[in-house]
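When we follow this note's numbering, the leftmost residue of the sequence shown carries the number 6, and every step to the right adds one. Heads up, the beta-carbon is just placed ideally off N, CA and C, and yes, glycines get one too. All of these numbers come straight from a predicted model, not from anything done at the bench.
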Amino acid sequence: MSPRSDPTNETPDESGADVASDPQRPSDHVDGTAQAPSDGVNQPKLGVLGYVRYFWRQLTSMRTALFLLMMLALAAIPGSLVPQRTADPNGVVQYKADHTTLYPILDKLQVFDTYTSVWFSAIYLLLFVSLIGCIIPRTRHHWQALRTRPPRTPARLTRLAGFRSAAVQRDTLTDGGDTTDAATSLPSVDHAISRAAAVLKRSGYRVERFGDSVSAERGYLRETGNLVFHAALVGVLVAVGIGGGFGYTGQRLLVEGQTFSNVLGSYDSFNPGRWFQQTDLKGYNLTLDKFVTKYEERNLNALGQALDYSATVTSREKGGDASTERLGVNDPLSIGGTNVYLLGNGYAMQVTVRDGDGNVALKDVVPFLPADANYTSTGVIKVPDASPTQLGMVGFFYPTAVKQSTGAFSSSYPDTENPVLSLQVYTGDLGLDDGVPRSVYQLSTKGLTQIAGTKAASPSVQLKPGQTKTLPDGAGSITFDGVKRYVSLDVHHDPSQLWVGGFAILSVLGLLTSLFVPRRRVWVKAVPRTGSDQGEYDLEYAGLARGEDPNLERAVAEIANRHLSDLGVRMPS
């Protein structure tokens, strides 16, 4: 008697359980509850090369690429929340004046240079590497799959989705089928499988015959669309990078009546690409003829709200004729290979300043920056050529001035219904000759003496259009000649726009293809009937989805119906 069958042999197994208590358990069975060896599991060490390979695989996975794409979208949000130096330098200056505490923090985080910041560039480059590392091996694998034959027909189609079977016998034949005489002959197995292959080919399947069966598959266009989508994203990144290198952006504040020429010296600020050359600037002129704003006047709850901005400009390209164009919000002007956008607007003060000797020291149009919705505006008038001492003025402009109970002015409406210019006047060295750049919108009062204003014996100088006021202490006089409108223009040249648009369309088409093209396999098999000597057999149909495919069973049913109808076989109920 063997130990396995001897009831007296009741030695415990390795887990401590009695072997004889479970007669179905083999004598060499090791229970899963047995304790692991005391020295634990020996795992191989990756080493430096192993870790590099591990992190590379993580970086080049599709999940990481999608995560980086989402991070890039999130990282671009600050660029739309705060003004950018490349697009709106005046807005950055105004933001600095309005948020003295927050500005230094955001500036150190490079928020005002979002799209050229270290953190945005890092995400951009990682996404670029991830996509390329993802696309190359998948493209190679997809190319191999396209050249691979469809798989052999499974032995049992009954286990697959959409399985159905139809008997091919004499009483299932209908008139008008492939057979010439339904009463005496049946479609041969070879003929039935050949017709099945033809039906599948017409349905867009790749077909391979294996004996009395045919194997077909379709949906490789799904992976093709997926690869096209990610390759197009790489194309967008490359096009944006190259376009940024050869493109440029510039800003110019243009007052009514002034002309802007597309030369480097005419820009207030200019941001060239890495490979920009001055010869890239195409010659053209823009003259601001008139700027008009439409305000809400009927709805009291939104009284004074701007409804539309419209600038009328005269444009002239080099060697061409002058033409009148309209420039509006989200309606740029295309000229000389650039797009000219209307970013903002405001009021400019037309003033004439005479110094203490009676000479005209300044006759200019000075733009003021709007400070609120009613266009209360602030600006600085600097007169470095005044004699006997330089003059500096901090101005406040009120388009529709209303005097408060405190004596201060405010604006109740953004249009010039009652324009008033208030000036605080300073004398002294303005610091314009020390070689340090100074903002035209700010006046450093350090070392200056206020002769008119809140800290002086004389009140602020208040003027209406056409008025002239004498400055205290024999400093001269100022004439408020009138008010003009100005616009802030952004000139943008991007040679990659068409490429970016093309790649964007290609990515959308690839994404739609990858979402809506199903990946499936379909088999048709002829199974001879056991014991039948009259050529009768069954046709079996089944399919297999590669991924989610809720229409697979319906697709198999349609293939079966079309095939049976082609053979002249009555479809099973």
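Residue i: first and last residue of the uninterrupted alpha helix (DSSP H) it sits in
i	result
Trp504	Gln502 to Phe521
Ile386	First-last for Ile386: Ser382 to Val388, but that is the beta strand (DSSP E), not the alpha helix (DSSP H).
Gln149	Val123 to Leu151
Gln99	Pro94 to Asp103
Thr229	Tyr225 to Phe251
Per-residue DSSP class, three states only, for residue i
i	result
Lys113	helix
Glu545	strand
Met398	strand
Glu558	helix
Ser220	strand
Leu338	strand
Glu553	coil
Lys215	Correcting the residue type first, residue 215 is Phe in the shown sequence and not Lys. Of the three classes helix, strand and coil, the one that applies to Phe215 here is strand, per DSSP.
Ile564	helix
Met354	strand
Thr189	Note that Thr189 scores 47 on pLDDT, short of 50, meaning its location in the model is unreliable; the coordinates nonetheless yield the value given after this. Thr189: coil per DSSP, three-state reduction.
Leu367	strand
Leu374	strand
Leu286	coil
Arg575	coil
Pro277	strand
Ser418	In the sequence under discussion, the amino acid at residue 418 is Tyr, which differs from the Ser named in the question. Three-state result, Tyr418: coil.
Distance between residue j and residue i (C-alpha atoms, nearest Å)
i	j	result
Thr185	Pro155	Because Thr185 sits at a pLDDT of 41, beneath the cut-off of 50, its placement in the model cannot be relied upon, and the point is left open.
Val622	His235	The first residue shown for the chain is 6 and the last is 578, placing residue 622 beyond what the model contains.
Ala307	Glu301	7 Å
Ser501	Cys139	25 Å
Gly96	Gln89	8 Å
Thr254	Gln310	30 Å
Thr121	Lys101	20 Å
Gln149	Pro533	36 Å
Ala376	Leu259	19 Å
Ala461	Leu291	44 Å
Pro192	Ser570	12 Å
Val219	Gly249	54 Å
Arg443	Thr357	22 Å
Thr69	Pro555	28 Å
Asp478	Arg359	13 Å
Gln174	Thr144	48 Å
Leu130	Gly230	24 Å
Ala327	Thr264	13 Å
Asp273	Pro372	13 Å
Leu312	Asp336	15 Å
Asp439	Trp280	33 Å
Arg303	Ala457	41 Å
Ala81	Trp124	11 Å
CA nearest to the CA of residue i, picked from the options
i	options	result
Val488	Asp554, Pro337 and Phe401	Phe401
Tyr491	Lys295, Thr450 and Phe275	Lys295
Pro464	Gln429, Phe485, Ser493 and Val441	Gln429
Ala406	Ala391, Ser427 and Met398	Ser427
Thr319	Val399, Gly249, Leu517 and Val345	Val345
Ile137	Val123, Asp93 and Leu64	Leu64
Leu205	Ser266, His568 and Asn335	His568
Asn276	Arg257, Leu293 and Thr264	Arg257
Val334	Asp326, Thr450, Val297 and Leu453	Val297
Ile247	Tyr446, Leu517, Gly278 and Pro372	Gly278
Lys408	Gln467, Tyr446, Leu517 and Leu165	Gln467
Leu348	Leu494, Ser519, Leu74 and His498	Leu494
Arg62	Asp112, Ala327, Ile82 and Ser135	Ser135
Tyr446	Ala353, Pro404 and Leu520	Ala353
Val399	Gly363, Trp504 and Ser449	Ser449
Ala127	His146, Tyr59 and Met76	Met76
Leu520	Leu226, Leu572, Gly270 and Pro109	Leu226
Delimiting residues of the beta strand (DSSP E) encompassing residue i
i	result
Tyr56	Where Tyr56 is concerned, there is no enclosing beta strand (DSSP E), although the alpha helix (DSSP H) it sits in stretches over Gly52 to Leu64.
Val87	That residue, Val87, is in no beta strand (DSSP E); it is neither H nor E in DSSP.
Ser315	Ala311 to Glu322
Phe4	With the chain covering only 6 through 578, there is no way to say anything about residue 4.
Ile198	Premise fails: Ile198 lies in the alpha helix (DSSP H), Val194 to Arg207, not in any beta strand (DSSP E).
Ala307	Careful: Ala307 lies outside any beta strand (DSSP E) and carries neither H nor E.
Ala78	Counting along the chain, Ala78 falls outside any beta strand (DSSP E), though it belongs to the alpha helix (DSSP H) covering Met67 to Ala80.
Gln467	Val466 to Leu468
Arg526	Arg525 to Pro533
Tyr120	Where Tyr120 is concerned, there is no enclosing beta strand (DSSP E), given that its DSSP letter is neither H nor E.
Gln409	Counting along the chain, Gln409 falls outside any beta strand (DSSP E), and DSSP gives it neither H nor E.
Distance cut-off 7 Å: residue i Cβ against heavy atoms of the ligand NAP
i	result
Gly412	Only the bare structure without any ligand can be found here, which leaves the ligand NAP out of the picture.
CB contact check: residue i to chain C, cutoff 8 Å
i	result
Arg154	Absent from the structure is chain C; it holds one protein chain and no more.
contact_flag[the stretch 339-350, the stretch 279-294] where n(CB pairs < 8 Å) is 3 or more: yes
Cβ contact check for the stretch 230-244 and the stretch 503-522: 3 or more pairs under 8 Å: yes
contact_flag[the stretch 430-447, the stretch 406-416] where n(CB pairs < 8 Å) is 3 or more: no
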